[in-house]
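Residue numbers (our numbering), protein chains in the order written: chain A, 1 to 367; chain B, 1001 to 1187.
All C-beta atoms, glycine included, are put in the ideal place defined by N, C-alpha and C.
These figures come from a predicted structure and were not determined experimentally.
Taking it in order: structure first as structure tokens, then the write-up.
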Amino acid sequence: MTEDVQMLELAERYLGGDMTEEERTRFDQLRKERPEIDQLVVEHSLFLQQIDQYGDRKSMKTLLHDTHNQLREAGEIREEMPKVRFLQAGKYKRVFAVAASIAGITALAISGMVTYFSPKSSPSEFAQLKREINAVKASQAKAQNQLNTITTKAESLPVRPVDPGKFGGTGFLIDGRGYLVTSAHVVAKADSVYIVNSKGEYFKAKTLHVNEHTDIAILKIADSRFETISRLPYAIRPNRGDLGEQIFTLGYPRTEIVYNEGYLSAKTGLNGDTSAFQLSISANPGNSGGPIFNHNGEIIGVLSGKQLSAEGVVFSSQSKNILRALDSLRTDSSISIRLSQHSALKGIDRVQQIKKIEDCVFNVMSY
Amino acid sequence: MSYDASEQDLIRRLALRERAATETIYKTHFGMVQTLIVNNNGSVDDARDIFQETMMVLYDKAKSGEFELNCQLKTYLYAVARRLWLKRLQQLQKYSEEVESLAAVVPVEDDVERMEAQQQSFSLMEKAMLSLGEPCRSLLDAYYIKKKSMSDIAASFGYTNAENAKNQKYKCLTRLKKLFFAQYKTQ
């Protein structure tokens, strides 16, 4: 205990610059020799800074508080409610009470009737927008053959899987070191996952995390040919999008990257799912897992599916689900992902935005 | 580009916690914020809280030294207060779209976030201080916050000499650090 106190005193004098030259040299030596003392100094320096800020803030708060009371007593500021409120509260209190209860009862009755009469929605109303590749298999196989014949000479060319995948979707980078986000259903039941960039290069990827409830999956490109992108142009917006907000997405409903735009049409998903959004955008099988950007180029969601019984109703998982997935990834397997904090796409022309994003959006193939 | 030299000067003096400058800003702008709050489902107490938080945002920004007012102080304070109040309403789930909007709202999100981060460490230290108990709390407060000398403290706390007071102080400090870091690390 006494040694602790002595060490603390030394640390404080050291940090406060109250040591003689000789003491200081000796203490520096001590820090080098004993890591626990070095640790103490670092910790104490942080602590002193915190207590300083605390004191500073406390004084400011006291000053504001005093100022308020002083000014109020001197009559320089007045605390007053708007007069209108008083009038309403007093004169019409009873009328309001009666009106409110009638309104309440009516609302309850109506909502009861709506629930009773509304058609029960079934899961089959929801279509996940992964793409079954068989449909395009033929044309792709042809293209592949052509490519193969052209490139037989070049041996250094990337290996590509023999068959096109069973299912296709879209994925996008969230960390330039090769971490991607896509929809959980795109990679569900996949034996292996490949991703393809807009230039047609294939990379092998592995699935790190899947959350079927929020329909989010995190992949990591496990291929040495993948070149790390130092800074992603877009950031993830953690808070909810706003109703009516303009949005756009990039995806792979074909083997070609496709752009679509629309707006956010409801803050919840199918049957009031609060982890999703409803969008009004045209989306096709293959768009699943595509990033939903707002006009500033911030990601607000991940496209997941559409309602079959209605036209143009598309759902997207909210961006906060990505952050949650990253949190659980950190705790489960201590992989920490560096998100880009600021969007570099603010205030620039859409065409320019897409040019910057394009290279970070991939076609996800699952086998 | 400074918008208004006298306002710039006021803000500089606010960063030094100068009473007169604080009073001037308070007097000039409190009414505006109060009107905003009470006209949007808030009480008089809410108005005082929000205005004081707004002042803390301004204070933090002024202290960080990066403050360049590119709009009128009034516009800035209004934007901050509005943002804070919207956040408060959202927390209370009383969010209404009714909060009146001003045509040009300056972006203040980063400043508000900075204030909230500062406020969070403040609350941690405050909690640690409160659970410390007397006489430790007053002793540390006198030394670290009121910056009194050890001999003054010894005299006012009834210690026989400065050395005794100092020993006591370090014991208290060890406890405070434990309390503080216990929360700080679980954060």
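DSSP puts residue i in a beta bridge; with which residues?
i	result
residue 170(A)	363(A)
residue 301(A)	318(A)
residue 280(A)	263(A)
residue 131(A)	168(A)
residue 291(A)	302(A)
residue 251(A)	258(A)
residue 210(A)	217(A)
residue 179(A)	175(A), 220(A)
residue 236(A)	299(A)
residue 205(A)	193(A), 221(A)
residue 246(A)	263(A)
Looking at the C-beta of residue i, does it have a partner C-beta in chain A at a distance below 8 angstroms?
i	result
residue 1100(B)	A caution first: residue 1100(B) carries a pLDDT of 48, below 50, which makes its placement in the model unreliable, though a value can still be read off. Residue 1100(B) does not count as touching chain A.
residue 1150(B)	no
residue 1145(B)	yes
residue 1188(B)	Residue 1188(B) is absent from the model: chain B starts at 1001 and stops at 1187.
residue 1138(B)	no
residue 1023(B)	yes
residue 1104(B)	Residue confidence is low: residue 1104(B) scores 46 on pLDDT, short of 50, so the model does not pin down where it sits. Its coordinate-derived value is still stated next. Residue 1104(B) does not count as touching chain A.
residue 1160(B)	no
residue 1031(B)	yes
residue 1044(B)	yes
residue 1125(B)	yes
residue 1075(B)	no
residue 1040(B)	no
residue 1088(B)	no
residue 1164(B)	no
residue 1157(B)	no
residue 1115(B)	no
residue 1078(B)	no
residue 1019(B)	yes
residue 1178(B)	no
residue 1013(B)	no
residue 1054(B)	no
residue 1131(B)	no
Could one say the Cβ of residue i lies closer than 8 angstroms to chain B's Cβ atoms, at least one of them?
i	result
residue 8(A)	yes
residue 363(A)	no
residue 353(A)	no
residue 42(A)	no
residue 357(A)	no
residue 79(A)	yes
residue 257(A)	no
residue 76(A)	yes
residue 47(A)	yes
residue 89(A)	Note that residue 89(A) scores 39 on pLDDT, short of 50, meaning its location in the model is unreliable and no value can be drawn from it.
residue 138(A)	With a pLDDT of 49 at residue 138(A), under the threshold of 50, the modelled position of that residue is not reliable, and no figure is offered here.
residue 5(A)	yes
residue 50(A)	yes
Alpha helix (DSSP H) containing residue i: first to last residue?
i	result
residue 25(A)	21-33
residue 1050(B)	1044-1063
residue 1079(B)	1073-1091
residue 354(A)	350-358
residue 186(A)	184-187
residue 1026(B)	1019-1038
residue 1154(B)	1150-1157
Where do the ends of the beta strand (DSSP E) carrying residue i lie?
i	result
residue 960(B)	The structure shown does not extend to residue 960(B), since chain B spans only 1001 to 1187, so no value can be given for it.
residue 1010(B)	Premise fails: residue 1010(B) lies in the alpha helix (DSSP H), 1005-1015, not in any beta strand (DSSP E).
residue 1140(B)	That residue, residue 1140(B), is in no beta strand (DSSP E); its alpha helix (DSSP H) goes 1136-1140.
Query - Residues of the segment 53-71 of chain A whose Cβ lies closer than 9 angstroms to any Cβ of chain B, in chain order - result: 53, 54, 55, 56, 57, 58, 59, 60, 61, 63, 64, 65, 66, 67, 68, 70, 71
Report task. Check whether the segment 233-251 of chain A touches the segment 201-217 of chain A, taking contact to mean three or more Cβ pairs, one atom from each stretch, closer than 8 angstroms. Result -> no
Query raised in the report: Given 8 angstroms as the limit, is there contact between the segment 283-290 of chain A and the segment 339-349 of chain A, that is, 3 or more CB pairs closer than that?
Result: no
Requested in this report: Indicate whether the contact test is met: 3 or more Cβ pairs, each with one atom in the segment 351-367 of chain A and one in the segment 1044-1054 of chain B, closer than 8 angstroms.
Outcome: no
Query raised in the report: Can you find at least 3 beta carbon pairs, one from the segment 1066-1085 of chain B and one from the segment 1023-1043 of chain B, that sit closer than 8 angstroms?
Result: yes
Query raised in the report: Three or more C-beta pairs closer than 8 angstroms, one from the segment 201-212 of chain A and one from the segment 272-288 of chain A: is that the case here?
Result: no
**Report entry** Three CB pairs or more closer than 8 angstroms across the segment 30-50 of chain A and the segment 1175-1183 of chain B
**Finding:** yes
Query - Cβ-based contacts, 7 angstroms cut-off: residues of the segment 13-31 of chain A near chain B - result: none
Query raised in the report: How about the segment 185-198 of chain A and the segment 166-175 of chain A: do they share at least three Cβ pairs that are nearer than 8 angstroms?
Result: yes
Query raised in the report: Taking contact to mean at least 3 C-beta pairs separated by less than 8 angstroms, is the segment 1146-1158 of chain B in contact with the segment 63-76 of chain A?
Result: no
Query raised in the report: At a Cβ cut of 7 angstroms, what residues of the segment 308-331 of chain A count as close to chain B, listed as they run along the chain?
Result: none
**Report entry** Three CB pairs or more closer than 8 angstroms across the segment 345-362 of chain A and the segment 223-236 of chain A
**Finding:** yes
Requested in this report: Evaluate contact between the segment 262-281 of chain A and the segment 302-314 of chain A, counting only Cβ atoms and requiring at least three cross-stretch pairs below 8 angstroms.
Outcome: yes
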